[in-house]
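*Asks:* Residue numbers (the numbering used here): 5 to 98.
C-beta atoms are modelled at their ideal positions from N, C-alpha and C, and glycine is treated no differently.
Since we're looking at a predicted model, the values are computed, not measured.
Handing you this structure, nothing more for now.
As structure tokens, then:
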């Protein structure tokens, strides 16, 4: 991928009007080199958790030490008047 500066994130809950994720946090890291990615299964996995291989891959790249760009923040349900959540990021690092 290309390096860049993140200016913000938009989280859209418009498809969730009662079963939305109650909160979100966003972390990021600048990683050089290849990542140990698990095998990709293109079958839909709606409503499932990460596989053991995906958890192992996240652990291998130290995702527990990534910088938090958006701390744990409550989300609103997906009604038209409250479904878009924008989180500005003030960090200028790449």
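Counting along the chain, where does the alpha helix (DSSP H) carrying residue 56 start and finish?
*Replies:* Residue 56 -> alpha helix (DSSP H) spans 56-64.
*Asks:* With DSSP run on the structure shown, which of helix, strand or coil describes residue 67?
*Replies:* If DSSP states are grouped into helix, strand and coil, residue 67 belongs with the helices.
*Asks:* For residue 32, does the three-state DSSP call read helix, strand or coil?
*Replies:* Note: residue 32 maps to strand in three-state DSSP.
*Asks:* Hey, residue 73 and residue 93: beta-carbon distance below 8 Å or not?
*Replies:* In this structure, residue 93 lies closer than 8 Å to residue 73 by Cβ.
*Asks:* Give me the Cα-Cα distance between residue 95 and residue 89, rounded to the nearest whole angstrom.
*Replies:* Rounded to whole angstroms, residue 95 to residue 89 spans 19 Å at the Cα level.
*Asks:* Rounded to a whole number of angstroms, what is the C-alpha to C-alpha distance between residue 68 and residue 35?
*Replies:* Each residue's Cα considered, the two are about 14 Å apart.
*Asks:* Give me the DSSP bridge partner(s) of residue 27.
*Replies:* In the DSSP output, where bridge partners are listed per residue, residue 27 has 78.
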